[in-house]
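Notes to accompany the following structure.
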Amino acid sequence: MTRPAWQDVPRSKLDRFEEIARSEAPELAHTILFRIRREYPYLHLVEDESGEPLALVGIRRAIEGFVSNLTAGAHPRVPPEMFQEFGRGEGLEGRSLDALQAIYRLGVRLTWRRLAEIGQQADIPAPAMYELAESGFEYLDGLVEQSVRGYAEAAARRASERLRLQRQLIELLLMEHRGDVSMTLAERAARIGWELPETIAVGVLMRPAREAVAPAVGQGILLEMESEQPRLVIPDPETAGRAETLRRATAGWSGAIGPPVPLAAAATSLRWAETAVQLIKKGLLPQGEVLYCTERTEELLLLPAEDLIDAAARRCLAPLDGLSATQSRRLAETLLAWIETPGGAPEVAARLGVHPQTARYRLRQIRELWGDAIDEADQRFEMLLVLRALRLRDDLAPAQD
Numbered sequence: 118m119t120r121p122a123w124q125d126v127p128r129s130k131l132d133r134f135e136e137i138a139r140s141e142a143p144e145l146a147h148t149i150l151f152r153i154r155r156e157y158p159y160l161h162l163v164e165d166e167s168g169e170p171l172a173l174v175g176i177r178r179a180i181e182g183f184v185s186n187l188t189a190g191a192h193p194r195v196p197p198e199m200f201q202e203f204g205r206g207e208g209l210e211g212r213s214l215d216a217l218q219a220i221y222r223l224g225v226r227l228t229w230r231r232l233a234e235i236g237q238q239a240d241i242p243a244p245a246m247y248e249l250a251e252s253g254f255e256y257l258d259g260l261v262e263q264s265v266r267g268y269a270e271a272a273a274r275r276a277s278e279r280l281r282l283q284r285q286l287i288e289l290l291l292m293e294h295r296g297d298v299s300m301t302l303a304e305r306a307a308r309i310g311w312e313l314p315e316t317i318a319v320g321v322l323m324r325p326a327r328e329a330v331a332p333a334v335g336q337g338i339l340l341e342m343e344s345e346q347p348r349l350v351i352p353d354p355e356t357a358g359r360a361e362t363l364r365r366a367t368a369g370w371s372g373a374i375g376p377p378v379p380l381a382a383a384a385t386s387l388r389w390a391e392t393a394v395q396l397i398k399k400g401l402l403p404q405g406e407v408l409y410c411t412e413r414t415e416e417l418l419l420l421p422a423e424d425l426i427d428a429a430a431r432r433c434l435a436p437l438d439g440l441s442a443t444q445s446r447r448l449a450e451t452l453l454a455w456i457e458t459p460g461g462a463p464e465v466a467a468r469l470g471v472h473p474q475t476a477r478y479r480l481r482q483i484r485e486l487w488g489d490a491i492d493e494a495d496q497r498f499e500m501l502l503v504l505r506a507l508r509l510r511d512d513l514a515p516a517q518d
């Protein structure tokens, strides 16, 4: 390894260099701060208890620390706390580190110019000054690194605080509201920069795995992942492209999105989404996708009322009692096809995929079993609901007592 040129500089010259540089550090710091203020007039400078800008303190300490380490033959070490604090400040203000890095580069450039002049005064050899320049760039990297650490810490803190406020907003949105809470909602929404929509839809998700990564639902959609079943709050759900965005974001997830409702009725949308998720868990609705409740109206109206449907089936389909399971199912399927299909035996046969003569035979059996009651509108409507519910459950053969 090549011996550092600074180690060959006589001690007297090093002392002279350090003496001048340290004595001029305060003035140089003021000069740098003046330039920073001139080139970045929007920059807000935080002051310490004495009223001195922390940036000025940081610049002075950075210069002094750089010079002391360099002349002692040590690798220049960045004072971490203050520059981490600068990074935290940018993070908490929601700004990027671009301006801060530009300021650091300006400071290092101005410092290098003055140290080069001091090097000539102290008669420091050129090779040593070249090393000083290289050390200055390494020092700049160190300043940026410390600021990035502080920035990352602040960003994590801001993200955590935003999630906390977002959870509070979601909880408030999904409560059953008995009075006007629009002002409270507006205040909570403003804290996270969320504009209150006129309508929303609420979704409930089922985790594909315990450690599943949160779906990237996009800006404006509120996602709460802390619950066992994550919840979505979708503003203006009928906006063009919204459904496709959600479909891509939730690929591989199961769940349901409730119907669009006015903002104050969010709890209603949530209830329908939860109902759909329960049907998914029972295997009555498909898994592997996020369903829209408005596209599953029949299932959501009929399937949750299982006990009621079973009781109605025992009464409405009582004429099928005593038949074999096969006979019962065939006649139930034929009865449903007859109620659903305008026309007679040919149309029923086409719907069932059987010969028209078979359909006529079954329809005669139905007429014999139910008599004139089969023509009553209310009776037919009730049987339509019951039979459709049984078909959704793949259980057209009524349960036997």
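Per the numbering used here: the sequence shown ends with 518, consecutive numbering throughout. Don't be surprised by glycine CBs; every beta carbon is placed ideally from N, CA and C. As the structure is a prediction and not an experimental result, all values here were calculated from the model.
Secondary structure at residue i, three-state DSSP: helix, strand or coil?
| i | result |
| --- | --- |
| Pro379 | strand |
| Asp125 | helix |
| Gly208 | helix |
| Gly320 | strand |
| His147 | helix |
| Leu313 | coil |
| Asp438 | coil |
| Pro473 | helix |
| Ala466 | helix |
| Ala360 | helix |
| Thr385 | helix |
| Lys399 | coil |
| Asp489 | helix |
| Leu513 | coil |
| Leu480 | helix |
| Asp518 | Any reading at Asp518 must be qualified, since the residue scores a pLDDT of 40, below 50, and its modelled position is unreliable; no value is offered. |
| Ser445 | helix |
| Thr458 | coil |
| Glu135 | helix |
| Gln201 | helix |
| Ser344 | coil |
| Val394 | helix |
| Ala331 | coil |
| Glu141 | helix |
| Glu355 | coil |
Quick one: give me the first and last residue of the alpha helix (DSSP H) that residue i is part of.
| i | result |
| --- | --- |
| Met246 | Ala243 to Leu290 |
| Gly369 | Unbroken run through Gly369: none, as it is neither H nor E. |
| Thr228 | Asp215 to Gln238 |
| Ile180 | Leu171 to Thr188 |
| Pro325 | Premise fails: Pro325 is in no alpha helix (DSSP H) and is neither H nor E. |
| Leu501 | Ala494 to Leu509 |
| Thr414 | Thr414 to Leu419 |
| Ala429 | Glu423 to Cys433 |
Quick one: residues in its chain with C-beta nearer than 8 Å to the C-beta of residue i, no 5 flanking neighbours on either side, listed in chain order?
| i | result |
| --- | --- |
| Ala303 | Leu313 |
| Pro325 | Gly369, Trp370 and Ser371 |
| Glu355 | Thr316 and Pro377 |
| Leu486 | Pro436, Leu437 and Leu448 |
| Ala273 | none |
Please list the terminal residues of the continuous beta strand (DSSP E) segment that includes residue i.
| i | result |
| --- | --- |
| Glu341 | Leu339 to Glu341 |
| Val350 | Arg348 to Pro352 |
| Tyr409 | Val407 to Tyr409 |
Suppose the cutoff is 7 Å on Cβ atoms and the five residues either side in sequence are ignored; what does the same chain contact list for residue i look like?
| i | result |
| --- | --- |
| Gln285 | Arg305 |
| Thr458 | Glu464, Val465 and Arg468 |
| Ala331 | Leu340 and Met342 |
| Ile137 | Ile235, Gln238 and Ala239 |
Output needed for residue i: all residues of its chain with C-beta closer than 6 Å, excluding positions within five of it in sequence on either side, in chain order.
| i | result |
| --- | --- |
| Ala516 | Caution is warranted here: a pLDDT of 45 is assigned to Ala516, below 50, making its placement in the model unreliable, and the coordinate value is therefore given only provisionally. Once the five neighbours on either side are set aside, Ala516 has no close Cβ partner at all. |
| Gly253 | Val225 and Trp229 |
| Arg133 | Ala239 |
| Arg510 | none |
| Ala490 | Gln496 |
| Pro473 | Ala462, Pro463 and Ala466 |
| Tyr409 | Ile374 |
| Ala333 | Ala366 |
| Thr362 | Gly335 |
Less than 8 Å separating the Cβ of residue i from some heavy atom of the ligand FAD?
| i | result |
| --- | --- |
| Ala429 | Within the structure as shown, the ligand FAD is missing, as the structure has no ligands at all. |
Would you say the region 277-293 touches the region 371-385, given that touching needs at least three Cβ pairs under 8 Å?
-> yes
Take every Cβ of the region 500-515, pair it with every Cβ of the region 445-454, and state whether three or more of those distances are shorter than 8 Å.
-> yes
Per the contact definition of three or more C-beta pairs closer than 8 Å, is the region 141-150 in contact with the region 255-269?
-> no
Count the C-beta pairs between the region 172-184 and the region 133-144 that are closer than 8 Å, then say yes if the count reaches three, no if not.
-> yes
With contact counted as at least three CB pairs below 8 Å, one residue from each stretch, are the region 478-495 and the region 442-450 in contact?
-> yes
Any chance the region 337-346 sits against the region 276-284, with 3 or more Cβ pairs inside 8 Å?
-> yes
Determine contact between the region 423-432 and the region 390-397, defined as no fewer than three beta-carbon pairs at a distance below 8 Å.
-> no
Determine, using beta-carbon pairs with one atom in the region 241-249 and one in the region 124-131, whether at least three such pairs fall under 8 Å.
-> yes
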